[in-house]
Amino acid sequence: MGDEALDNRLALNMVWPLAHGVVCDNDKALESTGLILKHIIAESLPDKKPEDQIYAAIGVPAQASIQNKNALIQMTRDFIDKILIVSEPFAVAYAIDKFDECLIVDIGGGTTDLCRMHGSIPEEEDQLTLNIAGNYLDDEIRKAILAQYPDVQLSEMIVRRIKEKYGYVTDISEPVKAQLTAEGIPSLYDVTDILRHACIKLTEPICKAIQKLVGSFDPDFQERLRKNIIIAGGGSRLKGIDRAIEKSLKAYGGGNAETVQDAEFCGSIGALKMCMEMPENYWEKLINKGVGPDL
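Position in the sequence shown (first residue = 1) + 984 = the working numbering.
(1) May I ask which residues mark the beginning and end of the alpha helix (DSSP H) holding Leu1121?
(2) Under a CB-based cut-off of 8 Å, is Thr1017 close to chain D?
(3) Since Tyr1173 sits in a beta bridge, which residues does DSSP pair it with?
(4) Helix or strand or just coil, what does DSSP make of Val1153?
(5) DSSP three-state call for Lys1231: helix, strand or coil?
(6) Rounded to whole angstroms, how far is the Cβ of Glu1230 from the Cβ of Gly1239, which I believe are closer than 8 Å?
(7) State the DSSP-derived secondary structure class of Glu1107, mapped to helix, strand or coil.
(8) Looking only at its chain, what residues have a beta carbon closer than 6 Å to the beta carbon of Arg1285, apart from the 5 residues adjacent to it on each side?
(9) Using alpha carbons as the reference points, say which of Arg1145, Pro1189, Phe1201 lies closest to Val1175.
(10) Are the CB atoms of Asp1226 and Ala1216 within a distance shorter than 8 Å?
(11) Output yes or no for whether 8 Å exceeds the beta carbon distance between Phe1083 and Gly1103.
(12) In angstroms, rounded to a whole number, what distance separates the CA positions of Val1089 and Ala1228?
(13) Could you check which residue in Met1141, Ala1166, Thr1096 has the C-alpha nearest to that of Leu990?
(14) Have a look at Ile1194, Leu1164, Asn997 and flag the residue whose alpha-carbon is nearest the alpha-carbon of Ala1235.
(15) Using DSSP bridges, identify the partner residues of Ile1190.
(16) Using the C-alpha atoms, what's the distance from Phe1249 back to Pro986?
(17) Look at the alpha carbon of Asn997 and the alpha carbon of Gly1094, and state the distance between them as a whole number of angstroms.
(18) Give the straight-line distance between the Cα atoms of Ala1079 and Ser1171, rounded to the nearest whole angstrom.
(19) Considering only C-alpha positions, which residue in the set Ala995, Val1070, Asn1119, Gln1137 is nearest to Met1361?
(20) Measure how close the beta-carbons of Leu1209 and Glu1027 come, nearest whole angstrom, since I'm counting them as under 8 Å.
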């Protein structure tokens, strides 16, 4: 559905309801998010009967506010019977069965979410949300390209394609040349340094957040934590991001970072798994209080 909307964007009034990782606080964003969820349910359950109940897990940033969570509950009240509000990095951990002394780093579009796992439901101090993620990187790349090549023509999709195909944070890279147009005339433009410097602007605050969560953890378990860092989300596809994180932990005694195999759907898989394994009485207990489970 998203690809079809982008393909026809010149004929549409585009709305980005989750631009900052949570539902934007305006009527169009709320309406479009509700329509998207209804469409997903209809596509997933074409044979749904009126008496069938819908249980759903919806991911939110690690430090989403109570207002953000309540907005989701109110929005879905008419067409979802029971709902779990799930911290997105916790959903990643659930998908890959990583619950003990590991650090999940979920680099999405609107936010980067970090969650420190230690065998139980994470506390508030175990989680961090950064408003620096894929959309921020797109904007940095766009600004840097236009600063160096002011005559080129760019769109959000062109910048995103360059990022997804060539983005890297390693010290060494083959020259990256992207085909761009200036007044309709295509040419190859060298964007090697542009990409590296923009990607470093993304990874540096992420590395600092990892250092903060490692440094404030129980000292007996810090080594286990820094040697078990899992990177998920679209940002995990940046070439060399695992090595950049490991390098940032050198002063702490070193670390080990790895990326998930399914960057796009890992969180969704974890949320589905959670729905399937959650006892009925747990859903009932929390829904009857008028709030969604906060995981």
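Glycine residues also receive a C-beta, built at the ideal position from the N, C-alpha and C atoms.
The short version:
(1) Mapped onto the sequence shown, residue 1121 falls at position 137. Note, Leu1121: alpha helix (DSSP H), 1118-1132.
(2) No chain D appears in the structure shown, which is made up of a single protein chain.
(3) Working through the sequence shown from its first residue, we reach residue 1173 at position 189. For Tyr1173, which the question treats as bridged, DSSP gives the partners Ala1162.
(4) Here residue 1153 is taken as the residue at index 169 of the sequence shown, counted from 1. In this structure, Val1153 counts as coil in the three-state DSSP scheme.
(5) For this step, residue 1231 is matched to residue 247 along the sequence shown. Three-state DSSP puts Lys1231 in a helix.
(6) Sequence index remark: in the sequence shown, residue 1230 carries index 246 (1-based). Sequence index remark: in the sequence shown, residue 1239 carries index 255 (1-based). That belief holds up - the Cβ atoms of Glu1230 and Gly1239 are roughly 5 Å apart, short of 8 Å.
(7) Translated into the one-based positions of the sequence shown, residue 1107 becomes position 123. Coil, per DSSP.
(8) There is simply no residue 1285 to check, as the chain begins at 985 and stops at 1279 in what is shown.
(9) If you number the sequence shown from 1, residue 1175 lands on position 191. The shortest Cα separation from Val1175 among Arg1145, Pro1189, Phe1201 belongs to Arg1145.
(10) The residue you call residue 1216 lines up with position 232 of the sequence shown. The residue you call residue 1226 lines up with position 242 of the sequence shown. No. Outside cutoff.
(11) Stepping through the sequence shown from its first residue, residue 1083 is reached at position 99. Stepping through the sequence shown from its first residue, residue 1103 is reached at position 119. Yes, the pair counts as a contact, with Cβ atoms nearer than the cut-off.
(12) Residue numbering aside, residue 1089 sits at position 105 when the sequence shown is read from its first letter. Residue numbering aside, residue 1228 sits at position 244 when the sequence shown is read from its first letter. Near 13 Å, if we compare the C-alpha coordinates of Ala1228 and Val1089.
(13) The sequence position of residue 990 within the sequence shown is 6, counting from 1. Checked all of Met1141, Ala1166, Thr1096; the closest Cα to Leu990 is Met1141.
(14) To locate residue 1235, count along the sequence shown from 1; it is residue 251. Nearest of Ile1194, Leu1164, Asn997 to Ala1235, Cα basis: Ile1194.
(15) Translated into positions along the sequence shown, residue 1190 becomes position 206. BP columns for Ile1190 are empty, so no partner.
(16) Here residue 986 refers to the residue found at position 2 when the sequence shown is read from its first residue. Here residue 1249 refers to the residue found at position 265 when the sequence shown is read from its first residue. Here residue 986 turns out to be Gly, not Pro, going by the sequence shown. Cα to Cα, Gly986 sits roughly 15 Å from Phe1249.
(17) Counting from one through the sequence shown, the residue named residue 997 turns up at place 13. Counting from one through the sequence shown, the residue named residue 1094 turns up at place 110. Rounded to the nearest angstrom, the two C-alpha atoms are 20 Å apart.
(18) The sequence position of residue 1079 within the sequence shown is 95, counting from 1. The sequence position of residue 1171 within the sequence shown is 187, counting from 1. Computed Cα separation, rounded: 44 Å.
(19) Residue 1361 falls outside the range modelled here, since the chain spans only 985 to 1279, and no answer is possible.
(20) Taking the first residue of the sequence shown as position 1, residue 1209 is located at position 225. Taking the first residue of the sequence shown as position 1, residue 1027 is located at position 43. In fact, because the Cβ distance is near 40 Å, the residues do not count as touching under 8 Å.
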